[in-house]
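Okay, structure first, notes after.
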Amino acid sequence: VVRGRQASRLDLGISGASCARGTGGGVTIGLVAGYVGGLVDIVIMRLVDIAMSLPAFILALITALVLGNNVRTMIYAIALAFTPVMTRIVRSQVVSLRELPMVETSRAIGTPAWRIVVWHMLPNTLSVCTAQSTLFLARAILAPAPITLLCVAARAPEPALGPMCPAGCPAPPLGPWGL
Numbered sequence: 004v005v006r007g008r009q010a011s012r013l014d015l016g017i018s019g020a021s022c023a024r025g026t027g028g029g030v031t032i033g034l035v036a037g038y039v040g041g042l043v044d045i046v047i048m049r050l051v052d053i054a055m056s057l058p059a060f061i062l063a064l065i066t067a068l069v070l071g072n073n074v075r076t077m078i079y080a081i082a083l084a085f086t087p088v089m090t091r092i093v094r095s096q097v098v099s100l101r102e103l104p105m106v107e108t109s110r111a112i113g114t115p116a117w118r119i120v121v122w123h124m125l126p127n128t129l130s131v132c133t134a135q136s137t138l139f140l141a142r143a144i145l146a147p148a149p150i151t152l153l154c155v156a157a158r159a160p161e162p163a164l165g166p167m168c169p170a171g172c173p174a175p176p177l178g179p180w181g182l
């Protein structure tokens, strides 16, 4: 029971941190790509397309294998899987906001670009970011278990739900019908 509670605490911490980092990175990259536009936007969106072409679990697993075997790596691996989705969502919002009169007026009076992004773009994208990060959190709670089940990111003394799940349920009966 104690190991299960410790494993749940660890997995919830991993999911919260990865959701926050994935959302923060996606919002930042999406704001830059959407507001700057042009070649910067094209390059960033092609990289996002490449990242989105890989399944999120495979991307997180490869990242965890390459960067090492610890909790911080798993947080970054899960966040890396969520960042492209948030980048695409925020970029689409910023592209539509870029043509609004409030932004054109701010540009006309000489407001710096960073101020337009922080004062006009970011507040108008927060509702979509909040909704998407809630969905990320639900997915991030489930994400550490299969990664730790494959013994990629959890070390032996740390309790993790991934290795505990198969230990808690008996093996299914094997017979001719199971083949």
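In the working numbering, the protein residues as written are 4 to 182.
Note that CB positions come from ideal geometry on N, CA and C, so glycine has one too.
This structure is a prediction, so every number in the text was calculated from the model and none was measured.
Taking 8 Å as the cut-off, the Cβ atoms of Met-89 and Val-30 count as close. In the three-state reduction of the DSSP assignment, Gly-71 falls in the coil class. DSSP places Ala-54 in the uninterrupted alpha helix (DSSP H) bounded by 41 to 56. Apart from the 5 residues on each side of it in sequence, Val-97 sits with its Cβ closer than 7 Å to the Cβ of Gly-33, Leu-34, Gly-37, Tyr-38, Met-124, Thr-128 in its chain, given in chain order. Spatial neighbours of Thr-86 in its own chain (CB-CB distance under 6 Å, excluding positions within 5 residues in sequence) are listed in chain order as Gly-25, Gly-28, Gly-29. Of the residues assessed, Leu-62 falls on the buried side of the cut-off, its CB having 16 or more other CB atoms within 10 angstroms. A residue is called buried once 16 or more other Cβ atoms fall within 10 Å of its Cβ, and Asp-52, having fewer, is exposed. Less than 8 Å divides the Cβ of Ser-21 from the Cβ of Ala-143. Minimum Cα-Cα distance from Gln-135 among the listed residues Arg-110, Ile-92, Ile-112, Pro-115 corresponds to Ile-92.
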